[in-house]
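Below you'll find the structure, written out as structure tokens, and then a few comments.
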Amino acid sequence: MVAVLVPLLGGGCRVDRSGLSALISSSGGAGAPVLSGSGSGSGGGLLASGGSGGALATGTGGDPSGGAAGDAVDAAGSGGGGGSATGSGGSGGISGTGGINATGGINGTGGIVGTGGISGTGGTGKGGTSGITTTPPCGPPDADAACVACAAAGGACENGVCTFACGSACAPCTGPITCPLGIACKVTCPAGGCPGAIDCRNASTCSVTCADNACGKQIQCGGSTCTVTCSGANSCAGGVAATGAMNTITCSGMGSCKGPMTCGGNNCDVECTGPTSCTSTVTLSAGTNKISCHGGNSCAGDVRCSGNACTTDCSGTKDCASGYCCFAASCQTTPMTVPTCH
7 MVAVLVPLLG GGCRVDRSGL SALISSSGGA GAPVLSGSGS GSGGGLLASG GSGGALATGT
67 GGDPSGGAAG DAVDAAGSGG GGGSATGSGG SGGISGTGGI NATGGINGTG GIVGTGGISG
127 TGGTGKGGTS GITTTPPCGP PDADAACVAC AAAGGACENG VCTFACGSAC APCTGPITCP
187 LGIACKVTCP AGGCPGAIDC RNASTCSVTC ADNACGKQIQ CGGSTCTVTC SGANSCAGGV
247 AATGAMNTIT CSGMGSCKGP MTCGGNNCDV ECTGPTSCTS TVTLSAGTNK ISCHGGNSCA
307 GDVRCSGNAC TTDCSGTKDC ASGYCCFAAS CQTTPMTVPT CH
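Letter by letter, the sequence shown follows residues 7 to 348 in the numbering used here.
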């Protein structure tokens, strides 16, 4: 046997025949350090497995047979006992599984100071429960620039439509709403929601729906098709300006659409069917126009229509009280007794 020179470390050593050096056995008893193999008792082992107090060792961490907790040097583990040498995975880390104060990361589940990302739940606005590049809480933007612009405006891309589900955590819509260029836009406003102006003129298509007392400022609507539905009581108080190719504006809520109503483009269909709806001016100038004022006391202000053709229905009680003026090439009015000007 070849003698190995090491410092005398305590019990478990014996002196070789020359009496000059200590010999290290392949396994040790309680308190005996060993170079390799499995140790038992409180001593653990150097570079060994099985000791919870071993230097650079892997161990079970807290197993009484592997040594007393707290003796580790450079070993990862809970309270210094056991764990892998790297401090990653399992129970190897500081105060957590696989990391510092956390499961798999630093102060967060799977990330740095946050659940799944850096400094926040889901990462820096782009992460998720698994890391920075996964799904954010409010849904990812699609790859194209229009959906990126939609997300920046406070909306979310859903099947190629920039959607503002206002009143939700992801889209509170407490200020003005501007739909981005070149994408279909859908804005849904709950009761009392959307107090700011809504600008949907640059969208490819536009749809706006307003519940009770919603949409307090003007709505500007454009695109190939423009649809504004003011079904709530006192909704769309700021009025509507529709400039799409095909426009449909429905004011069916009581007292809805109190602001000025204007419509152009190729086709306009304005339905003021709610009681006391459209009480301000109504001005249509599309190629083909249809105005329905039969909610009772609706269209109380001046009603003006121009373009190629205008069809107007003022058949309700006290509708079109201020009269109706048609400047189109073709004018059709119901009933014929409504005062008109040309």
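Ideal placement from N, C-alpha and C gives every residue a C-beta, glycine not left out. This structure is a prediction, so every number in the text was calculated from the model and none was measured.
The bridge partners DSSP lists for Cys269 are Ala248, Leu290. Between Gly271 and Asn253 a beta carbon distance of about 6 Å is seen, short of the 8 Å cut, so the two are scored as contacting. Shown here for Val288: same chain residues with a beta carbon closer than 6 Å to its own, the five before and five after excluded, namely Met267, Cys305, Val309 in chain order. For Gln226, the number of other beta carbons within 10 angstroms of its own is at least 16, and it is reported as buried.
One alpha carbon belongs to Gly250, the other to Gly301, and they sit about 25 Å apart. If you compare the alpha carbons of Ala175, Val154, Ala203, Ser237 with that of Gly188, the shortest gap goes to Val154.
In its chain, beyond the 5 residues on either side, Cys320, Ser321 have a beta carbon closer than 8 Å to the beta carbon of Pro341. In this structure, the alpha-carbon of Cys347 lies about 7 Å from that of Tyr330. Between the alpha carbons of Cys191 and Asp150 lies a distance of about 15 Å. For Cys163, the three-state secondary structure derived from DSSP is strand. Sequence-distant Cβ neighbours of Asn273 in its own chain, meaning closer than 6 Å and more than five residues away, are Met252, Ala292, Thr294. In the DSSP assignment, the residues bridged to Ser336 are Ala315.
Rounded to the nearest whole angstrom, the CA to CA distance from Ser241 to Ala217 is 6 Å. Secondary structure note for Cys206: its beta strand (DSSP E) is the uninterrupted segment 204-206.
Going by C-alpha positions, Lys296 is about 24 Å away from Ile204. Annotation for Cys212: no alpha helix (DSSP H) segment contains it, though the beta strand (DSSP E) segment containing it runs 212-216. Cβ-Cβ distances below 6 Å link Met260 to Ala239, Gly280, Pro281 in the same chain, with the five nearest sequence neighbours on each side left out; the list follows chain order. Excluding five sequence positions before and after Ser230, the CB atoms of its chain that fall closer than 6 Å to its own CB belong to Thr211, Ala251, given in chain order. Annotation for Ala327: Ala306 place their beta carbon closer than 7 Å to its own, counting only its chain and skipping 5 residues before and after. Judged by their CB atoms, Cys172 and Cys206 are not nearer to each other than the 7 Å cut-off. Counted as a single uninterrupted DSSP element, the stretch harbouring Ala327 is not any beta strand (DSSP E), since DSSP gives it neither H nor E. Around Gly202, the same chain offers Cys179, Thr180, Gly181, Pro182, Ile183, Gly222, Lys223 as residues with beta carbons nearer than 8 Å, after the five sequence neighbours per side are excluded.
For the pair Cys156 and Cys176, the Cα-to-Cα distance works out to about 12 Å.
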